[in-house]
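These notes are about the structure you will find just below.
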Amino acid sequence: SDGVILGESLASQHEIHEQFGGVVPGLAKNAHEEKIDSVINEALANAGLSMEEVSAIGVTIGPGLEICLRVGCNKARELAMQYKKPFVGIHHLEAHILMARMPFDSSAKFVEGGTDEIHESKRAIQFPFLALLVSGGHCQLLKCLGIGNYQIIGGTIDDSLGEAFDKTARLLGLPVGGGGGPAVEALAKGGDVNSIPLPIPLQRRKDCDFSYAGLKTAVRMASEKLAKERGLESVSDLEMSDKADIAASFQNVSIKHIEQRLKRAMDSIEDEEDSIRSLAVVGGVAANKELRSRLESICAERADPWKMFVPPPRLCTDQGSMSAWAAIERLMLGSSDEPDNQEVYARFPFQLNE
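The structure is reproduced here in structure tokens:
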């Protein structure tokens, strides 16, 4: 494959879960079961392909909500056995990481064809590299040495950055159907980043781990204090200008935390005289423009500048193309799985994928 997305389909569940302020597993499973056949058929139709013409099938098997993963996995197993296609069970986090390797036009932000050398191109990041994975459920720094070969340098000890964005969005009464991150990012554009004093997490810990539980609490307390000063009953009653200041202050400090941990990881890699000088920023929060811009500056300002690779924004969030590309990467190495007994995993450490 040259990395071109021939056809895709999306069945959004934003409207289903928005009223609950988060994903309701049972409703998500039911929606998966209701839409999975039509989504597959639409993706094939958009690609102009039949199942007979499909080369292989890749499906996410974890980590995630088991009852939802099982819907997709069982369907993929069924199709692989029915049409006798190679089957690949995909690690969700690895799929995010590998999206940074998919060829795309960095100026136009659209996927384009690779070279005659199959799927490698000048725009695809090569192993080894450092990855910053920031999503709704994870926050990790990893040395990426090859397909299925990852060393975790740092991870979250409590909440992820994406979760902190979601909680802040709910605190401010923002619509979270499209995700709390985009809502906070949009509001922050009109705010003052220095208006609300907030602590940068883990200042005393000289490692590469992350923590957002304390910042999340600090944002809530500062917001409640401001509401009280304004004579209001709740944070949601604040003026949009105040909410924008809170959003901007939170986003600024949350990214400062990322910057500090990333710089420490880069220092460690450079001190080891490691050949790594490439950073992949992946996961749903990687779509945040402020984060991308500030991390790009960090890479450019190193004494020995790093190159940064980020998938186009729409390919940072969860979508089927990431599983398809990860399956291609595995198949290129001659690696696949047996569909008849494939399980799904709520927790799926990278060690199981090595």
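Going by this note's numbering, the first residue of the sequence shown is number 634, and it counts up by one from there. Beta carbons are placed, not taken as given, at the ideal position from N, Cα and C, and that holds for glycine.
*asked:* In the DSSP output, which residue or residues are listed as bridge partners for Val767?
replied: Assignment of beta-bridge partners to Val767 by DSSP yields Cys772.
*Closest residue to Glu648 among Ala689, Asp840 and Ala661 (Cα-Cα distance)*: The shortest Cα separation from Glu648 among Ala689, Asp840 and Ala661 belongs to Ala661.
_Proximity to Ala960 [Cα-Cα], best of Asp951, Pro832, Ala728 and Asp792_ = With distances taken between Cα atoms, Ala960 lies closest to Ala728.
*Select from Val656, Gly640 and Leu639 the residue whose C-alpha is nearest the C-alpha of Gln646.*
Among Val656, Gly640 and Leu639, the Cα nearest to that of Gln646 belongs to Val656.
*Specify the secondary structure class of Leu831 as computed by DSSP and reduced to three states.*
DSSP places Leu831 outside both helix and strand once states are collapsed to three, so it counts as coil.
*Helix, strand or coil at Phe760 [DSSP, three-state]*: Phe760: coil per DSSP, three-state reduction.
*Quick one: grab the DSSP three-state call for Asn986.*
Confidence in Asn986 is poor, its pLDDT being 42 and thus under 50, which makes the residue's placement unreliable; the coordinate value appears in the next sentence. Asn986 falls in the helix class under three-state DSSP.
*Based on the DSSP output, what are the partners of Phe883 in its beta bridges?*
According to DSSP, which records beta bridges pairwise, Phe883 is partnered with nothing at all.
*asked:* DSSP has Val912 in a bridge; who is on the other side?
replied: According to the sequence provided, residue 912 is Leu. The question's Val does not apply to it. In DSSP, Leu912 forms a bridge with Leu763 and Met941.
*Kindly give me the distance between the Cβ atoms of Glu675 and Tyr716, rounded to whole angstroms, as I take these residues to be in contact under 8 Å.*
About 18 Å; that fails the 8 Å criterion.
*Does the separation of the CB atoms of Val915 and Gly695 fall below 8 Å?*
At a Cβ-Cβ threshold of 8 Å, Val915 and Gly695 do not count as neighbours.
*Kindly examine the ligand SAM and report whether one of its heavy atoms sits closer than 7 Å to the Cβ of Pro719.*
For the ligand SAM, the structure offers nothing, since it holds no ligand at all.
*Determine, using beta-carbon pairs with one atom in the region 698-710 and one in the region 932-943, whether at least three such pairs fall under 8 Å.*
They do not touch, by the three-pair rule.
*Can you list, in chain order, the residues of its chain whose CB lies under 8 Å from that of Leu924, leaving out five sequence neighbours each side?*
For Leu924, where only same-chain residues beyond five positions count, the Cβ hits under 8 Å are Val767, Ile888, Ile891, Val914 and Val918.
*Please report the residue range of the beta strand (DSSP E) in which Ile785 lies.*
Secondary structure note for Ile785: its beta strand (DSSP E) is the uninterrupted segment Asn782 to Gly788.
*Sort out for me which residues DSSP pairs Asp791 with in a bridge.*
According to DSSP, Asp791 bridges with nothing at all.
*asked:* With distance defined between alpha-carbon atoms, name the residue in Leu712, His665, Lys839 and Leu677 nearest to Ile700.
replied: The shortest Cα separation from Ile700 among Leu712, His665, Lys839 and Leu677 belongs to His665.
_Given Val672 as reference, the closest of Glu971, Gly953 and Leu966 once Cα atoms are compared_ = The shortest C-alpha separation from Val672 is found at Gly953.
*Give the range of the beta strand (DSSP E) segment to which Gly659 is assigned.*
Segment Pro658 to Ala680 is the alpha helix (DSSP H) holding Gly659; no beta strand (DSSP E) there.
_Am I right that His724 and Phe981 are in contact with their C-beta atoms under 8 Å? What's the rounded C-beta distance?_
Yes, His724 and Phe981 are in contact; Cβ-Cβ is about 6 Å, under 8 Å.
*Give me the Cβ distance between Gly722 and Gln884, rounded to the nearest whole Å; I'm assuming they're in contact under 8 Å.*
That pair is no contact at about 36 Å.
*Contact check, Ala877 vs Val826 under 8 Å by CB: the rounded distance?*
Between Val826 and Ala877 the Cβ distance is about 10 Å, and since that is not below 8 Å, they are no contact.
*Can you tell which of Ala819, Leu820 and Leu835 has the C-alpha that lies nearest to the C-alpha of Thr789?*
Taking each of Ala819, Leu820 and Leu835 in turn and checking the Cα distance to Thr789, the smallest one comes out for Leu835.
*Does the beta-carbon distance from Ile829 to Ala855 come in below 8 Å?*
Yes. Within cutoff.
_Does Leu731 come out as helix, strand or coil in the three-state DSSP assignment?_
Reduced to three states, the DSSP call for Leu731 is helix.
*By Cβ distance below 8 Å, which residues in the same chain neighbour Leu698 in space, the five residues on each side in sequence not counted?*
Excluding residues within five positions, the ones whose Cβ falls inside 8 Å are Val656, Pro658, Ala661, Lys662 and Ala979.
*What separation, rounded to the nearest whole angstrom, lies between the Cα atoms of Phe653 and Ile690?*
About 33 Å.
*Going by DSSP, what residues sit across from Thr693 in a beta bridge?*
The bridge partners DSSP lists for Thr693 are Ile723.
*Give the straight-line distance between the Cα atoms of Arg963 and Gln759, rounded to the nearest whole angstrom.*
The straight-line gap separating the alpha-carbon atoms of Arg963 and Gln759 is approximately 15 Å.
*Excluding sequence positions up to five away, which residues of its chain have a Cβ less than 6 Å from the Cβ of Glu929?*
Cβ neighbours of Glu929 beyond the five flanking positions: Met941.
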